[in-house]
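Contents: one structure, followed by commentary.
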Amino acid sequence: MLMKSAALWVAWAVAYRCKGVDVWQLKVNSSSSWAWRKVLLLRPKVQHLLARQGDKMFWEGKPMEQYSAKRVWTTLRPKCSKQEWSKLIWGKCSIPRFSFISWLIMINALTTRSKLFRWGKISDDQCLLCGFSSESREHLFFACVFVQQLVQVAGVS
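Mature numbering (1 follows the signal peptide of the UniProt record, and there is no 0) puts the sequence shown at residues -20 to -1, 1 to 137.
Written as structure tokens, this is what we have:
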């Protein structure tokens, strides 16, 4: 709305709430809805983030004689320390699907029942394998009785 978006809600708000007045000039009215007052009270907090002009492209990296996509990529992407386990997961002979799932496990991003429960997607977070505990990464890979029995049967130590 502050940047004249084409979204339906913005069109409605401009037509029925602003009534032709610039959103930056509107006064906070106590008779307005709670949500609308919150939107208006957010203006000072976001004003410095919004430019009243079109986007401009500029390069803050080192000057380049010739454009290099690799150099742009290495400048833009955040640098982070290499994880000790990365070679184990992303090796030459690894199966991509297994590598991806292993990576999700390592960064604790695997969608477990405890996460789905927290997000309100399911009503019960109990482990489907053992039924004893909340299904988290730690439970699935270290505490689940069913998984421990599988590991024993498989002879993995």
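For each residue, glycine too, the CB sits at the ideal point set by N, CA and C.
* Asked: Expressed to the nearest angstrom, what Euclidean distance is found between the alpha-carbon atoms of S103 and K(-2)?
  -> 44 Å
* **With 16 other Cβ atoms within 10 Å as the buried cut-off, status of E115** => buried
* Helix, strand or coil at S114 [DSSP, three-state] -> strand
* Asked: How would you call H28, buried or exposed, if buried means at least 16 neighbouring beta carbons within 10 angstroms?
  -> exposed
* Asked: Alpha carbon to alpha carbon, how far is V133 from M86?
  -> 25 Å
* To do: Compute the Euclidean distance between the alpha carbons of R17 and N88, then round it to the nearest angstrom.
  => 38 Å
* Residue of K101, A123 and R98 minimising C-alpha distance to L109 -> A123
* Asked: With 16 other CB atoms within 10 Å as the buried threshold, where does T91 fall?
  -> exposed
* Roughly how many angstroms separate the alpha carbons of E118 and W14, rounded to a whole number? -> 42 Å
* Run the CB neighbour count on A107, radius 10 Å, all protein chains shown included, and call it buried at 16 or more, exposed below. => For clarity, residue 107 is Cys in the given sequence; the question names Ala instead. Buried, by the Cβ-count rule.
* **Given F112 as reference, the closest of K101, V127 and S48 once Cα atoms are compared** => V127
* Three-state secondary structure assigned by DSSP to Q132 -> helix
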